[in-house]
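Shown next, in structure tokens, is the structure this report addresses.
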Amino acid sequence: MKLVNLGHAQSEETRLKIGVAVRMGWERRRGMLRLQETCHYEWQNLIAEASRRGLLGEEELQWDSYEILSKQLEQEWIQSVQERKNKPRLKGNKRAPKSAEQRRKISEAIAAKWADPDYRSRVQSALSKYHGIPDGVERRPRRKPASDEQTRKRSPPKKKANELDNLVMPEPKSQVQRVRLRRKNTPMYKDPLASSKLEMLKNIRAQRAGIDQKKIEAVMRAK
Numbered sequence: 032m033k034l035v036n037l038g039h040a041q042s043e044e045t046r047l048k049i050g051v052a053v054r055m056g057w058e059r060r061r062g063m064l065r066l067q068e069t070c071h072y073e074w075q076n077l078i079a080e081a082s083r084r085g086l087l088g089e090e091e092l093q094w095d096s097y098e099i100l101s102k103q104l105e106q107e108w109i110q111s112v113q114e115r116k117n118k119p120r121l122k123g124n125k126r127a128p129k130s131a132e133q134r135r136k137i138s139e140a141i142a143a144k145w146a147d148p149d150y151r152s153r154v155q156s157a158l159s160k161y162h163g164i165p166d167g168v169e170r171r172p173r174r175k176p177a178s179d180e181q182t183r184k185r186s187p188p189k190k191k192a193n194e195l196d197n198l199v200m201p202e203p204k205s206q207v208q209r210v211r212l213r214r215k216n217t218p219m220y221k222d223p224l225a226s227s228k229l230e231m232l233k234n235i236r237a238q239r240a241g242i243d244q245k246k247i248e249a250v251m252r253a254k
């Protein structure tokens with residue numbers, strides 16, 4: 032376009048040379064691009080092959096190795112869950128049962144520790160501190176539960192059948208009576224500003240009465 036705008040007419044031979052040079056330049060450019068694409072593709076293949084083979088001693092992977100490993104892990108997890116479900120569980124205490132000799136030794140050790148006054152005082156102070164009891168306050172001894180004989184003595188005497196028949200059962204109160212009783216029992220609210228509010232209402236009523244009177248007089252005059 033620049034040559035055309037200059038206004039200089041090119042000969043046919045010059046045009047052919049220019050066309051050949053341009054085509055050669057574009058051919059070289061396309062060749063370089065093809066070479067780059069080929070090298071890039073080969074380079075990708077080399078990286079994929081190296082990653083597939085891995086280092087020495089590693090397992091060779093396939094193109095779908097990720098999916099295979101995911102399925103294997105999922106199957107192992109399901110299998111472990113099923114094994115945990117089918118495994119029998121120990122009922123009660125999970126610890127191993129202690130023999131009579133072990134229990135005797137443990138009780139003797141606890142009794143020996145509790146016989147030490149220093150240990151007993153430390154335990155009592157720790158318990159009082161844990162329960163929030165101040166030091167120096169004596170705890171009240173727990174009362175023994177009353178025996179069955181005492182409860183029987185304290186139980187009220189049973190009434191006879193004829194006495195129960197003579198008793199007059201009160202009639203059930205209706206819903207309206209209950210509401211009225213509730214209203215009577217509730218304290219009456221007294222507004223401290225009741226007098227001022229009443230005076231204000233009286234003034235408003237007087238003003239309205241005056242306005243109505245003026246309207247009536249105006250209507251009578253208009254007639």
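Using my numbering, read the sequence shown as starting at 32 and increasing by one per residue. From the three backbone atoms N, C-alpha and C, an ideal C-beta is built for every residue, glycine too.
For Trp145 against Arg151, the beta-carbon gap comes to about 6 Å, under 8 Å, which counts as contact. DSSP places Gln41 in the coil class of the three-state scheme, outside both helix and strand.
Collapsing the DSSP output to three states places Leu100 in a helix.
DSSP places Arg134 within a helical segment (H, G or I) once states are collapsed to three. Pairing Asp95 with Lys118, the inter-Cα distance amounts to about 35 Å. Per DSSP, reduced to three states, the secondary structure at Asp243 is helical.
Rounded to the nearest whole angstrom, the CA to CA distance from Met251 to Lys245 is 10 Å.
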